[in-house]
Amino acid sequence: MMGLEGQRSGPGGVAVTALAVAILVFLIAPVVIIVIVSFSGADYLTFPPPYLSLRWYQRFLGTPSWRQAIGVSTQVALLTMVFATTLGLLAALALVRGRFRAKGAIYAVLLSPMIVPTIITAIGLYFFFVRLKATGSILAMALGHTVLALPVVVIIMAAALQGFDMRLEQAALSLGASRLTALRRITLPLILPGLLSAALFAFLTSFDELLIPLFLSGVEVQTLTVRIWNSLILEVDPTIAAVSSFLIGVTTVVLGASAFLRGRGETTTT
Amino acid sequence: MRSMEGRETRRHLLLLLPALLVLALLFAYPLLGIVNRSVYKAGYTLQFYRQIFRIPVYLQVLAATFKVSAVVTIVCLVLGYPLAYVLATRRPRTAQLLMIIVVLPFFTSIIVRTYAWMVLLGRNGIVNQYLMALGFTDKPLPLLYNQAGVVIGMSYVLLPYMVLTVYSVMRGIDPGLVRAAHSLGASRMQAFGRVFLPLSLPGIAGGTLLVFILSLGFFITPALMGGPGDMMIAMLIEREVEITLNWSFASALAVVLLALTLIGFAGYNRIVRLERIFEGRG
Numbered sequence: 000m001m002g003l004e005g006q007r008s009g010p011g012g013v014a015v016t017a018l019a020v021a022i023l024v025f026l027i028a029p030v031v032i033i034v035i036v037s038f039s040g041a042d043y044l045t046f047p048p049p050y051l052s053l054r055w056y057q058r059f060l061g062t063p064s065w066r067q068a069i070g071v072s073t074q075v076a077l078l079t080m081v082f083a084t085t086l087g088l089l090a091a092l093a094l095v096r097g098r099f100r101a102k103g104a105i106y107a108v109l110l111s112p113m114i115v116p117t118i119i120t121a122i123g124l125y126f127f128f129v130r131l132k133a134t135g136s137i138l139a140m141a142l143g144h145t146v147l148a149l150p151v152v153v154i155i156m157a158a159a160l161q162g163f164d165m166r167l168e169q170a171a172l173s174l175g176a177s178r179l180t181a182l183r184r185i186t187l188p189l190i191l192p193g194l195l196s197a198a199l200f201a202f203l204t205s206f207d208e209l210l211i212p213l214f215l216s217g218v219e220v221q222t223l224t225v226r227i228w229n230s231l232i233l234e235v236d237p238t239i240a241a242v243s244s245f246l247i248g249v250t251t252v253v254l255g256a257s258a259f260l261r262g263r264g265e266t267t268t269t
Numbered sequence: 000m001r002s003m004e005g006r007e008t009r010r011h012l013l014l015l016l017p018a019l020l021v022l023a024l025l026f027a028y029p030l031l032g033i034v035n036r037s038v039y040k041a042g043y044t045l046q047f048y049r050q051i052f053r054i055p056v057y058l059q060v061l062a063a064t065f066k067v068s069a070v071v072t073i074v075c076l077v078l079g080y081p082l083a084y085v086l087a088t089r090r091p092r093t094a095q096l097l098m099i100i101v102v103l104p105f106f107t108s109i110i111v112r113t114y115a116w117m118v119l120l121g122r123n124g125i126v127n128q129y130l131m132a133l134g135f136t137d138k139p140l141p142l143l144y145n146q147a148g149v150v151i152g153m154s155y156v157l158l159p160y161m162v163l164t165v166y167s168v169m170r171g172i173d174p175g176l177v178r179a180a181h182s183l184g185a186s187r188m189q190a191f192g193r194v195f196l197p198l199s200l201p202g203i204a205g206g207t208l209l210v211f212i213l214s215l216g217f218f219i220t221p222a223l224m225g226g227p228g229d230m231m232i233a234m235l236i237e238r239e240v241e242i243t244l245n246w247s248f249a250s251a252l253a254v255v256l257l258a259l260t261l262i263g264f265a266g267y268n269r270i271v272r273l274e275r276i277f278e279g280r281g
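Line by line, the protein sequences give chains A and B.
Numbering follows numbering that gives the first Met the number 0, in which position 109 of the first sequence is assigned residue number 108; successive positions increment by one, without gaps.
Numbering follows numbering that gives the first Met the number 0, in which position 13 of the second sequence is assigned residue number 12; successive positions increment by one, without gaps.
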């Protein structure tokens with residue numbers, strides 16, 4: 000008993016645990032504080048707020064340019080989700096099941112957008128779309144985000160497919176199902192939790208990203224993150240606290256849903 | 000038999016094709032465009048690279064980028080290692096719950112996290128309100144729009160990468176080895192220093208390298224939290240593209256940043272596999 004606890008806590012057990020708790024507080028406090036002050040009724044963001052109100056949310060949702068930005072961000076993120084999930088699912092199927100040389104190299108290529116600093120990808124796409132006179136378009140931003148979201152989808156789908164029992168699909172084939180039927184009726188329903196989770200993370204990758212739309216958006220078409228950026232280079236506006244809390248809410252929903260799906264996925268595949 | 004396997008392989012390559020085509024057109028081609036632009040302007044030239052390494056202002060930007068990245072990396076290691084250690088030595092269930100606190104900020108938009116620190120560190124920000132109320136200082140401390148602000152903000156944004164990398168290595172360490180050291184008479188400190196710490200070195204190396212490389216290319220946090228003198232290379236690239244309109248020079252800077260990043264990742268990949276970070280999310 001004593002021995003087990005001894006190794007668990009290691010050197011200076013209590014002190015190290017206290018330090019870890021302090022670091023966890025450091026990690027979560029800014030997020031929690033922003034959500035709390037977003038409900039402040041005061042003109043300045045003091046903590047704790049002297050009294051609560053929804054005035055910053057009214058300012059956020061009552062301003063046409065902010066509402067438009069929500070619309071733009073949602074459209075870009077939905078398109079990104081569709082593109083990246085489709086491309087990533089197909090690629091992951093080939094990577095997990097295929098037996099061909101250069102598999103490792105292809106995997107590395109698919110993950111490479113994660114490695115290149117986003118500022119570089121963003122200016123590359125900017126030079127590219129300027130020549131096509133296609134900046135300021137939702138499609139251009141979605142295509143840029145597809146590049147960034149693809150590695151995320153490939154990683155999640157490769158993990159989901161590795162947990163999939165191939166014999167189920169082989170059984171369907173041996174019972175006379177066509178490849179497409181087996182994929183549609185057996186494989187897809189079973190990997191659905193992973194697929195939905197990948198789609199959610201693709202959505203989030205786009206919804207949260209600033210640099211690609213910073214270069215590709217026009218005066219009329221701005222994502223939420225670009226609108227935040229434009230406002231922040233002028234002043235630290237309390238409205239942004241409400242916008243930030245909205246984005247934190249989206250992240251929380253995505254993480255919660257994917258944890259739920261993972262729980263479901265584990266019960267169906269094992 | 001052979002032809003069937005061949006058909007199978009061809010089918011799989013066909014599945015890869017759409018993703019590879021999209022990456023070729025929207026990622027590889029634009030990157031090659033940057034490389035080309037950096038060496039070609041009405042004829043091949045290296046003048047833009049010479050500019051980076053000859054003009055003192057630009058060398059200062061490079062030096063500042065390295066300096067800030069080094070400080071941020073050290074801060075992340077000092078904070079990240081103990082946290083990863085405590086998480087890795089708890090029961091998996093507890094660790095998973097606590098991991099939510101690491102992962103929620105990790106997946107929150109960088110601009111939102113940066114804004115949070117701007118609210119906290121500003122002249123009339125929450126930190127200064129408390130410092131003054133508690134009598135630590137009479138005047139607000141300058142915590143924002145300077146290098147201190149940049150280091151705090153970037154360390155906050157990058158800390159989860161360090162924690163997740165170190166944690167993924169620590170989880171793989173066999174607890175039996177530490178137990179064996181104890182049973183052979185090692186003190187807690189000895190068992191940690193002689194057994195656990197050396198086994199966690201790949202995590203330290205991987206995390207350090209990852210945070211350093213990501214710092215080099217950082218844009219949003221230093222741009223919003225830094226002062227006029229805290230220009231980093233990614234901010235210089237943005238300025239050259241958007242304001243100075245010197246795209247060739249911006250491209251040369253991007254190629255230098257890209258080369259540094261790729262060298263770093265080649266090292267990282269030998270230590271920890273990249274996707275482990277993402278899988279460590281919960």
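All C-beta atoms in this analysis are idealised placements derived from N, C-alpha and C, irrespective of residue type, glycine included.
Just so you know, these numbers come straight off a predicted model, no measurement behind them.
Does the beta carbon of residue i come closer than 8 angstroms to any beta carbon on chain A?
| i | result |
| --- | --- |
| C108/B | According to the sequence displayed, residue 108/B carries Ser and not Cys. Yes - at least one Cβ of chain A is within 8 angstroms of the one on S108/B. |
| T295/B | In the structure as shown, chain B starts at 0 and stops at 281, and residue 295/B therefore has no counterpart that could be examined. |
| F264/B | yes |
| T243/B | no |
| V102/B | yes |
| T164/B | no |
| Y155/B | yes |
For residue i, decide whether its Cβ has a neighbour in chain B, counting only Cβ atoms nearer than 8 angstroms.
| i | result |
| --- | --- |
| F46/A | yes |
| M1/A | At M1/A the pLDDT is 36, less than 50, meaning the model places this residue with poor confidence; the figure from the coordinates comes in the next sentence. Answer no: the Cβ-Cβ gap between M1/A and chain B never drops below 8 angstroms. |
| W228/A | yes |
| L53/A | no |
| I247/A | yes |
| I105/A | yes |
| A240/A | yes |
| F259/A | no |
| P112/A | yes |
| L23/A | yes |
Chain A partners of residue i, CB-CB under 8 angstroms?
| i | result |
| --- | --- |
| R326/B | Residue 326/B cannot be examined here, being either before or after the span of chain B that is shown, 0 to 281. |
| I236/B | I118, I119 and I122 |
Check the Cβ of residue i against every Cβ in chain A and list those closer than 7 angstroms, keeping chain order.
| i | result |
| --- | --- |
| L158/B | L26 |
| F218/B | I118 and L210 |
| L209/B | None at all; the shortest Cβ gap to chain A is about 10 angstroms. |
| L78/B | I22 |
Start and end of the alpha helix (DSSP H) containing residue i?
| i | result |
| --- | --- |
| R89/B | Element bounds for R89/B: n/a, residue is neither H nor E. |
| V150/A | In the sequence on display, residue 150/A carries Pro and not Val. I137 to Q161 is the extent of the alpha helix (DSSP H) around P150/A. |
| N229/A | L223 to L231 |
| Y267/B | W246 to I270 |
| S108/B | Careful: S108/B lies outside any alpha helix (DSSP H) and carries neither H nor E. |
| V220/A | It is not in any alpha helix (DSSP H) - V220/A carries neither H nor E in the DSSP assignment. |
| V34/A | G12 to V36 |
| Y43/B | Segment: none, Y43/B is in no alpha helix (DSSP H) and carries neither H nor E. |
| S170/A | The identity of residue 170/A in the sequence shown is Ala, whereas the question assumes Ser. Note, A170/A: alpha helix (DSSP H), M165 to S173. |
| I286/A | Here chain A comprises residues numbered 0 to 269, so residue 286/A is not present and cannot be evaluated. |
| M113/A | Note, M113/A: premise wrong, no alpha helix (DSSP H); not H, not E. |
Could you work out which residues of chain B lie near residue i, taking near to mean beta carbons separated by less than 8 angstroms?
| i | result |
| --- | --- |
| A19/A | P81, L82, Y84, V85 and L86 |
| V252/A | Simply none; closest approach about 11 angstroms. |
| V108/A | L19 and L22 |
| S136/A | Correct list: empty, because the minimum Cβ distance to chain B is about 14 angstroms. |
For residue i, which residues in chain B fall below 9 angstroms Cβ to Cβ?
| i | result |
| --- | --- |
| F126/A | P29, G32, I33, R36, V240, W246 and S250 |
Kindly list, in the order they appear in chain B, the residues whose Cβ is closer than 7 angstroms to that of residue i.
| i | result |
| --- | --- |
| G123/A | P29, L30, G32 and I33 |
| V75/A | By Cβ distance, chain B contributes nothing, its closest Cβ being about 14 angstroms from V75/A, past 7 angstroms. |
| L142/A | L25 |
| T224/A | S108 and I110 |
Between the stretch 141 to 157 of chain B and the stretch 215 to 233 of chain B, do three or more beta carbon pairs fall short of 8 angstroms?
yes
The stretch 152 to 184 of chain A: positions lying closer than 7 angstroms to chain B by Cβ
I154 and A158
Taking contact to mean 3 or more Cβ pairs, one atom from each stretch, closer than 8 angstroms, check whether the stretch 163 to 173 of chain B and the stretch 81 to 94 of chain B are in contact.
yes
Determine which residues of the stretch 187 to 220 of chain A have a Cβ less than 7 angstroms from any Cβ of chain B, and write them out in chain order.
L203, D207, L209 and L210
At a cut of 8 angstroms, does the stretch 145 to 159 of chain A reach the stretch 72 to 91 of chain A through at least three beta carbon pairs?
yes
Beta carbons nearer than 7 angstroms to chain A: which residues of the stretch 40 to 74 of chain B have them?
none
Interface positions of the stretch 80 to 102 of chain A facing chain B (Cβ-Cβ less than 8 angstroms), listed along the chain
F82, T85, L86, G87, L89, A90, L92, A93, L94, R96, G97, R98 and F99
For the structure I just gave you, are there three or more beta carbon pairs, one from the stretch 9 to 19 of chain B and one from the stretch 84 to 103 of chain A, closer than 8 angstroms?
yes
Of all the residues that make up the stretch 112 to 139 of chain B, which are near chain A by a beta-carbon distance shorter than 9 angstroms?
R112, T113, Y114, A115, W116, M117, V118, L119, G121, N123, G124, I125, Q128 and Y129
Touching by the beta-carbon criterion (3+ pairs, under 8 angstroms), the stretch 187 to 197 of chain B and the stretch 110 to 119 of chain B
no
Does the stretch 105 to 112 of chain A come into contact with the stretch 168 to 176 of chain A, if we say contact requires no fewer than three beta-carbon pairs (one atom in each stretch) closer than 8 angstroms?
no
Hey, is the stretch 184 to 203 of chain A in contact with the stretch 251 to 260 of chain A, meaning 3+ C-beta pairs nearer than 8 angstroms?
yes
Would the stretch 134 to 146 of chain B and the stretch 222 to 233 of chain B be scored as touching if the rule is three or more Cβ pairs under 8 angstroms?
yes
Under 8 angstroms, with one C-beta from each stretch per pair, do the stretch 125 to 143 of chain B and the stretch 248 to 264 of chain B reach the 3-pair mark?
no
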